[in-house]
Structures are given as structure tokens and as C-alpha cells.
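Participant: Right, I'll just put the structure down here and ask away after.
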Amino acid sequence: MKNSRLFQMLYLLVERRSLTAGELAERFEVSQRTIYRDIDALSAAGIPVYAQPGQGGGIRLMDQFVLDRALLSPEQQDEVLFALQAVLAAGGAGEEETLSRLSALFRREGGDWLEVDFTDWGSAGREKENFRLAKRAILDRRVLAFTYYSSSGQRTRRQAEPARLVFKGGCWYLRAFCRTRRDWRVFRLGRMEEPVLEQERFPPRLPPQSLEEPSGASPVPLKLLFRPGAAYRVRDYFHPAQVTALEDGRLLVECAFPGDGWLLGFLLSFGEQLEVLSPGCWRAQVEREAKKIVGVYQTGQNMSGLMGYPLDRRGRQGPDNKGGTIMEERKFCQSCGMPLDRPEDCGTEKDGAPSRDYCRYCYQNGAFTAPDADMEGMIAFNLKFNEENGFPFGAREEAERNMRAWFPTLKRWKK
Numbered sequence: 002m003k004n005s006r007l008f009q010m011l012y013l014l015v016e017r018r019s020l021t022a023g024e025l026a027e028r029f030e031v032s033q034r035t036i037y038r039d040i041d042a043l044s045a046a047g048i049p050v051y052a053q054p055g056q057g058g059g060i061r062l063m064d065q066f067v068l069d070r071a072l073l074s075p076e077q078q079d080e081v082l083f084a085l086q087a088v089l090a091a092g093g094a095g096e097e098e099t100l101s102r103l104s105a106l107f108r109r110e111g112g113d114w115l116e117v118d119f120t121d122w123g124s125a126g127r128e129k130e131n132f133r134l135a136k137r138a139i140l141d142r143r144v145l146a147f148t149y150y151s152s153s154g155q156r157t158r159r160q161a162e163p164a165r166l167v168f169k170g171g172c173w174y175l176r177a178f179c180r181t182r183r184d185w186r187v188f189r190l191g192r193m194e195e196p197v198l199e200q201e202r203f204p205p206r207l208p209p210q211s212l213e214e215p216s217g218a219s220p221v222p223l224k225l226l227f228r229p230g231a232a233y234r235v236r237d238y239f240h241p242a243q244v245t246a247l248e249d250g251r252l253l254v255e256c257a258f259p260g261d262g263w264l265l266g267f268l269l270s271f272g273e274q275l276e277v278l279s280p281g282c283w284r285a286q287v288e289r290e291a292k293k294i295v296g297v298y299q300t301g302q303n304m305s306g307l308m309g310y311p312l313d314r315r316g317r318q319g320p321d322n323k324g325g326t327i328m329e330e331r332k333f334c335q336s337c338g339m340p341l342d343r344p345e346d347c348g349t350e351k352d353g354a355p356s357r358d359y360c361r362y363c364y365q366n367g368a369f370t371a372p373d374a375d376m377e378g379m380i381a382f383n384l385k386f387n388e389e390n391g392f393p394f395g396a397r398e399e400a401e402r403n404m405r406a407w408f409p410t411l412k413r414w415k416k
């Protein structure tokens with residue numbers, strides 16, 4: 002307890018240069034006599050501390066004490082402060098006081114010349130909070146529970162024993178022993194939601210020397226060909242040694258990435274600026290996914306109810322009087338969501354007239370074919386149907402999420 006008080010007292014004197022015995026006694030909740038004994042102990046340890054009597058006096062440190070004892074060059078001091086500012090920017094709120102004290106210790110001014118932010122655009126608040134809780138879990142050896150989304154979009158609730166925070170490839174990751182999977186895992190902080198720092202503590206575990214990639218997928222050797230218009234992104238994402246500039250301005254890239262859902266999305270993000278040359282299986286996979294994307298905007302495929310205005314002879318979409326794109330609203334069955342693009346898809350009223358709201362499977366002769374059906378049952382039926390016939394929107398979780406957002410707006414299920 003005494004050693005801790007002496008250390009804190011030394012930092013206070015470094016920061017303020019002069020304090021009275023009364024101020025120190027009040028700060029540490031001890032008597033002034035104890036403070037004077039502490040001053041004697043610091044002096045005996047070789048700390049040049051002295052008491053200056055009279056008005057404006059107090060307990061002081063010699064001016065050059067910090068620089069004499071720092072044992073760090075000005076360049077090394079800047080490196081230490083830079084490292085602390087980086088951790089602070091990443092979400093280490095507790096490092097702010099440490100940064101302030103070390104700045105005073107080194108007598109460095111103008112410490113606001115640098116701003117570091119390791120978080121993704123649009124996710125700063127969430128990712129910094131995840132960083133803070135993960136750091137606290139590591140230091141306190143407390144179990145961390147959270148909801149996690151894998152690269153394929155799978156949602157699971159995890160319990161983990163955090164071991165290490167890793168910054169790699171522009172992202173923060175948490176290395177932890179996953180109690181749910183009973184093995185070591187790597188979690189990307191940006192995909193963690195609803196983190197809870199539990200009270201339960203765990204004994205230290207020795208993590209393996211090398212851990213698998215976050216996705217667990219094996220690296221895929223790729224040969225990619227980019228148009229000149231993608232040069233700025235190619236230079237951002239690939240090492241110069243991986244890029245070969247061709248005479249016509251195109252860029253040939255040879256690299257390797259984990260073969261998971263992230264890689265597919267990354268390649269597609271270049272649009273028509275990229276052609277995958279090899280391996281052939283990934284060339285075919287990008288082609289299949291591109292066709293699915295086209296299908297989202299074709300009649301009978303999308304769920305939004307919007308259809309682009311037909312192209313004119315020049316291949317342009319017809320503009321409205323405000324210069325925007327005209328969109329036509331499609332009709333869907335207000336029970337199951339089936340598109341009503343053809344007259345024969347519509348159900349019938351009592352008089353035999355086509356129904357404007359319902360399909361022929363849900364509505365006949367002015368009545369529902371399944372009057373006892375509910376919205377949950379309809380969603381379950383659609384999910385099963387989509388799984389059996391191939392669903393263009395991706396994983397089951399995404400399809401269900403879309404339906405649960407859309408179905409309550411349909412006429413039959415509105416409350």
C-alpha cells in the first residue's frame with residue numbers, strides 16, 4: 002500500500018511540479034506526518050524531492066529529474082506516446098490517463114498531432130465498445146458472451162475465454178477459446194453483437210502458436226486480371242510484388258486469399274473491372290453469383306415490388322420529369338407474397354372476377370383456401386419451398402429475415 006502511494010505521489014509531483022503536504026495528505030487520506038515520512042523515503046531512494054518553505058512553496062521535484070531518469074531518447078518517447086494513442090483510438094478509454102501522465106513524465110507538448118482510428122466506416126461505436134469489453138475480459142480473465150455472425154452470415158451465440166487482441170489486414174480480431182465449439186477460434190470484432198462481460202473467471206490457457214484464418218478456409222491461389230479503371234483499388238489492396246502492369250494498362254495480380262464467402266464478395270465488389278483467370282472453379286463461382294445478382298432485378302425474382310423502367314434504344318432507363326429513374330410497382334399476393342405478374346396467377350372473387358390482392362393458391366371464389374393459416378405458417382411454407390427450388394437471395398437466415406420484415410406489411414397479416 003505504501004509503495005503504491007509513493008509511486009502515485011511521484012507521478013503527481015511530475016505532473017504538477019509542486020504540491021503542499023496538506024494537498025497530498027487530503028489526496029491519499031493520510032496525515033501530513035505520514036506525507037513527510039513518505040518524502041523522506043523518496044529522498045532516501047535517490048529521488049531529488051525537497052520541501053520549499055514559505056508562501057508559494059511546497060514539496061517539489063528538481064526540474065531535470067524526469068529527463069535524467071527517463072532513460073529514453075526523445076524519439077523513443079514519441080514512439081511510446083504513439084503506441085498509447087493508437088490503443089486509445091481503438092477504444093482503450095482507460096489509457097487516456099496513462100497517456101496524460103506519460104506526456105507529463107516525458108515533458109512532451111503538442112500531443113494532439115496524431116489521430117488513429119482502426120475501426121470500419123460506420124461501425125466505430127460498436128467496434129470500440131467490443132474492443133473495450135474484450136480487453137477487459139482478457140485482463141480480468143472473465144468470460145465474454147456475444148452473438149457472432151460468420152462470414153457466411155450464420156448467427157450463433159458464443160461464450161468465450163478471450164486471450165489476445167490482434168490487428169491484421171485492417172481489422173481487429175479476438176483470439177479466444179470458444180466454449181461453444183470447445184476449441185480455439187478467431188472472431189472479428191466488427192461481427193460481434195450484444196457482448197456481455199460475465200462475472201465468471203477462467204484459469205489461463207496457453208493459445209496455440211499459430212491459429213487458422215478467421216474463416217477457417219484454406220488459402221486459394223488466384224490469378225486476376227483488372228481493367229485500368231480499377232488501378233487505384235488494386236494498389237490499395239495488393240502488394241506491389243503481386244501486381245504486374247501490362248502494356249495496355251491492365252493489371253495482372255497473382256495472390257492467395259482464404260476461399261470463403263468474404264472472398265466471393267470481395268471479388269464481386271470490383272464488378273466488370275475484374276476477370277478471374279484461375280482457378281476455374283472460382284471463375285465459375287463468380288459467374289454463378291453474378292447471374293444471381295442479375296436475377297434479383299429481373300421480373301419474378303425480386304421481393305421489393307419495384308421494376309426498372311424499360312431501356313430506350315440507347316440503353317438508358319427512361320427518366321421522370323425530375324431527372325430520376327421511373328420505377329413501376331409490382332403486385333404481390335397479400336397472403337403468401339407470390340408475384341401477380343400474369344392474370345392467370347390471380348385468385349377469384351365470388352363472381353369469378355380476378356382478385357386484385359391474392360393469388361390462385363391462397364384465394365378462390367371469394368374465400369381463402371386455408372382460412373386457419375397464420376403468418377408464421379406461411380413464412381415456414383415459403384422457406385421450405387425456397388430451399389427445395391433454390392433461393393436467389395442467399396442463406397436461409399437472410400431469407401427469413403426479409404420475410405419477417407415484409408410479411409407484416411401484407412394485407413392479410415396487417416394488425
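Heads up: the sequence shown begins at 2 in our numbering, then just goes up one per residue. Note that CB positions come from ideal geometry on N, CA and C, so glycine has one too. Here the structure is a predicted model, which means the values were calculated and not measured.
What three-state label does DSSP hand K415 in the structure shown?
Facilitator: Three-state result, K415: coil.
Participant: Pick from L14, T35, E130, V31: whose alpha carbon is nearest that of G59?
Facilitator: Per the Cα distances, L14.
Participant: On the DSSP bridge list, what partners appear for M193?
Facilitator: In the DSSP output, where bridge partners are listed per residue, M193 has Y149.
Participant: Check F408 in the structure and name its three-state DSSP category.
Facilitator: Here F408 sits in helix by DSSP.
Participant: When the Cα atoms are used, what is the spatial distance from E43 to D141?
Facilitator: Reading off the sequence, residue 43 comes out as Leu, not Glu. Whole-angstrom Cα-Cα distance: 32 angstroms.
Participant: For K351, I'd like the list of residues in its chain whose CB is within less than 7 angstroms of its CB, leaving aside the five on either flank, ordered along the chain.
Facilitator: Correct list, in chain order: N366, G367.
Participant: Classify Q200: buried if its beta carbon has 16 or more other beta carbons within 10 angstroms, exposed otherwise.
Facilitator: Looking at its Cβ environment, which holds fewer than 16 other Cβ atoms inside 10 Å, Q200 is exposed.
Participant: Secondary structure at E401, three-state DSSP: helix, strand or coil?
Facilitator: Reduced to three states, the DSSP call for E401 is helix.
Participant: By the three-class DSSP mapping on this structure, what secondary structure does R343 have?
Facilitator: Note: R343 maps to coil in three-state DSSP.
Participant: Classify R251 as helix, strand or coil using the three-state DSSP reduction.
Facilitator: Here R251 sits in coil by DSSP.
Participant: Please state if the CB of C256 and the CB of Q243 are separated by a distance shorter than 7 angstroms.
Facilitator: Yes, they are a contact pair.
Participant: Given this structure, state the Cα-to-Cα distance separating G260 from R228, to the nearest angstrom.
Facilitator: Each residue's Cα considered, the two are about 23 angstroms apart.
Participant: Would S32 be called buried (16 or more neighbouring beta carbons within 10 Å of its own) or exposed?
Facilitator: So S32 ends up on the exposed side.
Participant: Let me know if Q335 comes out buried or exposed under the rule of 16 or more other beta-carbons within 10 Å of its beta-carbon.
Facilitator: The residue is buried, with at least 16 neighbouring Cβ atoms inside 10 Å.
Participant: How many Å lie between R159 and P208 at the Cα?
Facilitator: The straight-line gap from Cα to Cα measures roughly 18 angstroms.
Participant: Residues in its own chain within less than 8 angstroms of F271 by CB, not counting five upstream and five downstream?
Facilitator: Only F227, A231, R234 meet the Cβ criterion.
Participant: Taking the C-alpha atoms as reference points, what is the distance between I380 and P205?
Facilitator: Answer to the nearest angstrom: the Cα atoms are 46 angstroms apart.
Participant: Consider the Cβ of Q335: report whether some Cβ of chain C lies at a distance smaller than 7 angstroms.
Facilitator: In the structure shown, chain C cannot be found, because there is only a single protein chain.
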